[in-house]
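In the numbering used here, the protein residues as written are 514 to 1076.
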């Protein structure tokens, strides 16, 4: 295969970016090569807002032909949570044809080495970045995120997470040298001398099972971690969120071909309605790595049954915030209100349980009772979402009927402190938009425990009354141990309570945010600096991103010879 992009050219183009990414994961300081502001795009080959929207509009009703082998039909059926029928169709694959074709290109990809694989991945990410406006509309109309969130989370933040995975993959692969001259003295005899060659060898074909809510943000880490470590990657999108990942596959195939590699190293597995190919794929002997984001039920099934594969899961948890005391009551309420409202709570990191002592909390505005704290939080959410235009920009749309059903059922679980209300989106009348509900529960009542100890994904939170800070920490610990948590938050001015919360999170491996009152929120994480999940509690078996996330995607194979 003739390369239009030489290895030398790609290294010259992207090596400095790779070095910056390596430095960022070492220092954990802020860094991103992907602009967050929409106006930053429109030069050097990138699409501006108008061109990106036009590119997205041109996709509607089209057939996205990826040139994959084994295509035996065309499938589609995505409808935007905003009420738009996308009408895009995708290739449906005969797996017995596609999987062997994907495997065929792995030898050359393996032999290319860690650096060349890394810069090819960075070229893919650069081309995706240039189309961020187009991808933003694709993410918005499959996930229900509001445009600005889809632009940032589905664009630069997702691209950062992909690049972060490439950096970690590179570090782990170059930890062992390519060659070593080994000499062992033998006293008066001639020394033993050997030449040893070490090659990172991929596991095989990786399966990336996409999610509905964050198709790129949750999909890119596994995709690029596997690709950068030499594996072919089969992308199986969620049936309601195919377009962003299909576009990703399209870009990846183009770059691989231009760089002289087999484009079938990355392929799409779209499915017919109700086909449910994830289970079929997960058990195929060719699949040696699986990345999955979604329900606990299917994640547990994958971990128990896909025994031939290394499985990385991000499942579900019950995210908890301990509210003990604060020196900035207004800031605390505003921060929590935003965290509960963002994307209608449809984030795996959104707080669900707010543990508040029943005797109240100490604040800079004086003592506040449990009832006052909950009422004031409800007012803060109401104030944040009081203007419908701002509410639509924060809430987005409800992604599927299951979320709407959970939201409506939550009002019957206890005393409603904040009722959910319906909001009309004038630009998209078909969108289902709802504000959050806050329900008061008692931590001492067994009937209430069934509610707050179960994940209720969506714009639902429970204000749980507890007897003391000690009880709050114990309930936090039990929740993380039994149900898992992607995030934990705590507000306290008491050093001992802070130590107790921190110790609970360290012991149960939960990521903790303390006393957030400004523009950083418990449900947001920054690539290159923050870890998303820990892999140490039931919510996820992996962290995005650390060495453990990439190191088991390949093995180092040694060939030794007498020197």
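Ideal placement from N, C-alpha and C gives every residue a C-beta, glycine not left out.
Quick caveat, the model's predicted, so the values are computed rather than measured.
If you compare alpha carbons, which of the options is closest to residue i?
i: residue 975; options: 886, 906, 987 and 995; result: 886
i: residue 589; options: 579, 574 and 897; result: 574
i: residue 725; options: 579, 994 and 910; result: 910
i: residue 656; options: 829, 858 and 802; result: 858
i: residue 723; options: 749, 701 and 744; result: 749
i: residue 901; options: 698, 947, 923 and 867; result: 947
i: residue 787; options: 756, 767 and 751; result: 751
i: residue 924; options: 943, 949, 907 and 938; result: 949
i: residue 1079; options: 628, 669 and 892; result: One cannot answer for residue 1079 here, as it falls past the ends of the chain, which runs 514 to 1076.
i: residue 762; options: 746, 1021 and 754; result: 746
i: residue 671; options: 694, 932, 638 and 654; result: 638
i: residue 664; options: 566, 771, 1032 and 598; result: 566
i: residue 582; options: 598, 557, 569 and 612; result: 612
i: residue 855; options: 952, 569, 760 and 898; result: 898
i: residue 673; options: 793, 543, 523 and 935; result: 543
i: residue 1020; options: 992, 1006 and 816; result: 992
i: residue 905; options: 568, 934 and 983; result: 934
i: residue 823; options: 931, 538, 1066 and 536; result: 1066
i: residue 556; options: 643, 519, 607 and 865; result: 643
i: residue 1007; options: 988, 837 and 847; result: 837
Looking only at its own chain, which residues have a Cβ that is under 6 Å from the Cβ of residue i, when we skip the five neighbours before and after it?
i: residue 941; result: 595 and 596
i: residue 463; result: With the chain covering 514 to 1076 only, the question about residue 463 has no answer from this structure.
i: residue 775; result: 618
i: residue 666; result: 730
i: residue 1026; result: 1002 and 1035
i: residue 769; result: 776 and 778
i: residue 527; result: 632 and 635
i: residue 1045; result: 1038 and 1057
i: residue 1041; result: 537, 538, 544 and 677
Pull up the distance between the alpha-carbon of residue i and that of residue j, whole angstroms please.
i: residue 1023; j: residue 1049; result: 7 Å
i: residue 798; j: residue 716; result: 12 Å
i: residue 631; j: residue 777; result: 18 Å
i: residue 789; j: residue 1043; result: 34 Å
i: residue 742; j: residue 563; result: 37 Å
i: residue 827; j: residue 783; result: 21 Å
i: residue 738; j: residue 718; result: 12 Å
i: residue 585; j: residue 641; result: 28 Å
i: residue 1052; j: residue 697; result: 49 Å
i: residue 981; j: residue 967; result: 22 Å
i: residue 658; j: residue 1073; result: 54 Å
i: residue 458; j: residue 913; result: Since the first residue shown for the chain is 514 and the last is 1076, residue 458 is missing from the structure and cannot be characterised.
i: residue 796; j: residue 649; result: 33 Å
i: residue 753; j: residue 661; result: 20 Å
i: residue 932; j: residue 952; result: 8 Å
i: residue 961; j: residue 629; result: 55 Å
Per DSSP, which residues does residue i bridge with? Please list them.
i: residue 1067; result: 715
i: residue 1045; result: 1057
i: residue 838; result: 875
i: residue 976; result: 867 and 953
i: residue 699; result: 702
i: residue 707; result: 695 and 1075
i: residue 721; result: 748 and 804
i: residue 1026; result: 1002
Per DSSP, what kind of secondary structure is residue i in: helix, strand or coil?
i: residue 821; result: coil
i: residue 524; result: helix
i: residue 661; result: helix
i: residue 844; result: helix
i: residue 832; result: coil
i: residue 1012; result: helix
i: residue 881; result: strand
i: residue 894; result: helix
i: residue 1062; result: helix
i: residue 927; result: coil
i: residue 966; result: coil
i: residue 1155; result: Given a span of 514 to 1076 for the chain in the structure shown, any question on residue 1155 remains unanswerable.
i: residue 655; result: helix
i: residue 781; result: strand
i: residue 642; result: helix
i: residue 764; result: helix
i: residue 905; result: helix
Leaving aside the five residues before and after residue i along the sequence, list all residues of the same chain whose C-beta is less than 8 Å from its C-beta, in chain order.
i: residue 986; result: 835, 1010, 1013, 1014 and 1017
i: residue 1061; result: 1048 and 1055
i: residue 1069; result: 689, 711, 712, 713 and 714
i: residue 919; result: 969, 970, 971 and 973
Closest Cβ-Cβ distance between residue i and chain B: below 9 Å?
i: residue 522; result: Here there is only one protein chain, and chain B is not present.
Who are the near neighbours of residue i in its chain, counting only those whose CB is closer than 7 Å to its CB and skipping five residues on each side?
i: residue 685; result: 1060, 1063 and 1064
i: residue 851; result: 897 and 1034
i: residue 757; result: 648, 651, 652, 655, 667, 728 and 729
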